[in-house]
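Worksheet: the structure to be examined is printed underneath.
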Amino acid sequence: MNYTDLHCDTAFEIYKSNRGLNKNKYHVDMEKAKIFDRYSQIFAIWSDNDKNDDENYDDFFKIRNYLTENLSENNISLCKTGLEYKKSKNKNRAFLAVEGGKLLSGDISRLDVLYKNDVRFLTLVWNGICKIGGAFNTDEGLTDFGKKIVRKCEELGIVIDLSHSSDKTVSDVFEISKKPVIASHSSSRSVISCHKRNLADEQFLEIKKRGGIVGISLCRGHIADENGLVTIKDIIKHIDYYMSLGGENIICFGCDFDGAEIPEEVENITGVMKICDELKKIGYKDTLIENIMYKNADNFIIKNL
Numbered sequence: 000m001n002y003t004d005l006h007c008d009t010a011f012e013i014y015k016s017n018r019g020l021n022k023n024k025y026h027v028d029m030e031k032a033k034i035f036d037r038y039s040q041i042f043a044i045w046s047d048n049d050k051n052d053d054e055n056y057d058d059f060f061k062i063r064n065y066l067t068e069n070l071s072e073n074n075i076s077l078c079k080t081g082l083e084y085k086k087s088k089n090k091n092r093a094f095l096a097v098e099g100g101k102l103l104s105g106d107i108s109r110l111d112v113l114y115k116n117d118v119r120f121l122t123l124v125w126n127g128i129c130k131i132g133g134a135f136n137t138d139e140g141l142t143d144f145g146k147k148i149v150r151k152c153e154e155l156g157i158v159i160d161l162s163h164s165s166d167k168t169v170s171d172v173f174e175i176s177k178k179p180v181i182a183s184h185s186s187s188r189s190v191i192s193c194h195k196r197n198l199a200d201e202q203f204l205e206i207k208k209r210g211g212i213v214g215i216s217l218c219r220g221h222i223a224d225e226n227g228l229v230t231i232k233d234i235i236k237h238i239d240y241y242m243s244l245g246g247e248n249i250i251c252f253g254c255d256f257d258g259a260e261i262p263e264e265v266e267n268i269t270g271v272m273k274i275c276d277e278l279k280k281i282g283y284k285d286t287l288i289e290n291i292m293y294k295n296a297d298n299f300i301i302k303n304l
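Mapping to numbering that gives the first Met the number 0: the sequence shown position 236 is 235, numbers consecutive.
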């Protein structure tokens, strides 16, 4: 089985601990990824709210360079276009994302620099309020600068990622965006309503209408009540619900590996196959499982980058 994942934080973790991508103690490494026939990953570089804007901007280049060195050691280079991704003969492939636009610090020219350094996905906000706008734990929408960033991303060819955004930020993006958008790691608010990090039905449906995709997050707090045992069956409730909204060509995985506490049953990236096995047991056809595992994500990437 092939696997394409829309979001992990492994780049930050291996950089912070000076560990390698080939084999490590984290959720994602290339040794674990051997379970898949082909593995493709969007690696996100996170903007830390405990650091100022410029520190995050400086850290981006350090983490990016550390990641690309580790990818190179595993014969992987960052893809820049959908055509390059489609034509690649590599068993494993990678894209680069930025999670949280804080590092732009009100300077739109920095977006050009990120694009030249292979960034193809931008999660606009992460937590609280930055110069782009408000995250899920605020009622703030896009600032004027944030609206310029959305337009500039679409001009450059950077995909807008709505995960972590406030409802107002999401609606503001929908007002001005002219291209498909994604929510790389966002489960369903109708299944677990206590967390506004999850997508409301109307947001999922609008992403679908625009030709976007949505990645199921495996963060425990996004999929079930963390006070109890969180299981693979809880994850499947979100898949089932998105399917009920017509998500057969929309749903992907954006597991948030190495960025969140995940259910113990999953353990690490190899546990995605356990989710597949459970989907088969409850009657999901192979073609539908393949859509969720990689085809929906691949189709989006090839068409939109």
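Even for Gly, the Cβ is constructed at its ideal location relative to N, Cα and C.
Report yes if the CB atom of residue i is closer than 8 Å to the CB atom of residue j, and no otherwise.
i, j, result
"Phe-120", "Phe-94", "yes"
"Glu-264", "Gly-270", "yes"
"Ile-212", "Ala-296", "yes"
"Ile-75", "Asn-64", "no"
"Met-242", "Met-0", "no"
"Ile-41", "Phe-11", "no"
"Glu-247", "Leu-287", "yes"
"Ser-162", "Ser-185", "yes"
"Gly-127", "Asn-55", "no"
"Phe-135", "Arg-196", "yes"
"Ile-291", "Lys-85", "no"
"Asn-3", "Tyr-25", "The residue you asked about is not Asn; residue 3 is Thr in the sequence shown. No, they are not a contact pair."
"Ser-104", "Asp-52", "yes"
"Val-172", "Val-149", "yes"
"Leu-217", "Asp-255", "yes"
"Leu-5", "Asn-73", "no"
"Ile-234", "Pro-262", "yes"
Can you give me the C-alpha to C-alpha distance between residue i and residue j, rounded to a whole angstrom?
i, j, result
"Gly-132", "Gly-210", "24 Å"
"Asn-226", "Asn-267", "21 Å"
"Lys-294", "Leu-204", "19 Å"
"Asp-117", "Arg-92", "13 Å"
"Gly-253", "Ala-96", "12 Å"
"Leu-70", "Tyr-38", "13 Å"
"Ser-183", "Ile-281", "25 Å"
"Cys-251", "Lys-31", "20 Å"
"Val-124", "Gly-99", "4 Å"
"Asn-303", "Asn-17", "34 Å"
"Ser-170", "Pro-179", "14 Å"
"Ile-238", "Val-190", "10 Å"
"Lys-15", "Leu-113", "21 Å"
"Lys-146", "Gly-140", "10 Å"
With H, G and I counted as helix, E and B as strand and the rest as coil, what does DSSP make of residue i?
i, result
"Glu-247", "coil"
"Val-213", "strand"
"Ser-164", "strand"
"Leu-304", "coil"
"Ala-223", "coil"
Opposite residue i in the DSSP bridges: which residues?
i, result
"Thr-3", "Ser-39"
"Gly-127", "DSSP lists no partner for Gly-127."
"Ile-159", "Leu-121"
"Ser-170", "Beta-bridge pairing links Ser-170 to no other residue."
"Gly-133", "Ile-128"
"Leu-141", "Gly-132"
"Ser-187", "Leu-198"
Answer with yes or no whether the minimum CB distance from residue i to chain B is below 8 Å.
i, result
"Leu-102", "Of the chains in the structure shown, none is chain B; there is only one protein chain."
What residue ranges within the stretch 67–121 form continuous alpha helix (DSSP H) runs of no fewer than 4 residues, ordered along the chain? 81–86, 108–115
My parser needs the beta strand (DSSP E) runs of 3 or more residues fully inside the stretch 230–288; what are they? 250–252
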